[in-house]
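Residue numbers (the numbering used here): 42 to 242.
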């Protein structure tokens, strides 16, 4: 497919802009707290919340797919010609380049697969049925609501948390405690269970 230099330049410019925004949104989503913690604590990055960054990342991802497809369609013949010329000059370098590209793509896929697997484990709500504290509680309950649910004194609960180095108020959400103190969800769950069992005797 033939296209003028202006069209090629515009497509390259749009690809560059899209890539930069997708890179920024990717960084934002990587920094965002997992699950609904971001929503609970009102997390933002550059003035936008996690849902907004997810929307931007998704839609611009589709835009980039279209732009890349158009870019390849316009420059496909040129790409084939350059590959043939490169292989004629040095088959070893050409094959090595293709092989290296496949390795990079495979490594990227493996890294992505491992990352998404870790994320699903982090956000999993597969808690044991005998556990009194559920994933929904850890996501949405405040300290007051947790105390009311287990019929313990909220002041006593706050005092026990303070003894463990956690400052909070009755209105503090458990998700905020998890995020602000860098606690693993299972770690927070075990701590709260220990305190509640102690308060209930």
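For glycine and all other residues, C-beta sits at the position ideal for the given N, C-alpha and C.
One Cα belongs to residue 175, the other to residue 50, and the distance between them is close to 55 Å. Taking the C-beta atoms as reference points, residue 98 is found nearer than 8 Å to residue 67. Residues 91, 94, 95, 98 of the same chain have their beta carbon placed closer than 8 Å to that of residue 70, with the five preceding and five following residues left out of the count. As computed with DSSP, residue 85 is found in a beta bridge with 90. Non-local beta-carbon contacts of residue 213 in its own chain, meaning distances under 7 Å to residues more than five positions away in sequence, involve 183, 184 in chain order. Excluding five sequence positions before and after residue 103, none of the CB atoms of its chain fall closer than 8 Å to its own CB.
Residue 183 is bridged by DSSP to 214. For residue 105, the closest alpha carbon among the candidates 125, 225, 52 is that of 52.
A residue is called buried once 16 or more other Cβ atoms fall within 10 Å of its Cβ, and residue 144, having fewer, is exposed. Cβ-Cβ distances below 8 Å link residue 111 to 52 in the same chain, with the five nearest sequence neighbours on each side left out; the list follows chain order. The closest CA to that of residue 241, considering only 204, 220, 193, is found on 193.
With contacts defined as CB atoms closer than 8 Å, residue 63 and residue 101 qualify as a contacting pair.
With contacts defined by Cβ atoms closer than 8 Å, residue 179 and residue 239 do not form a contacting pair.
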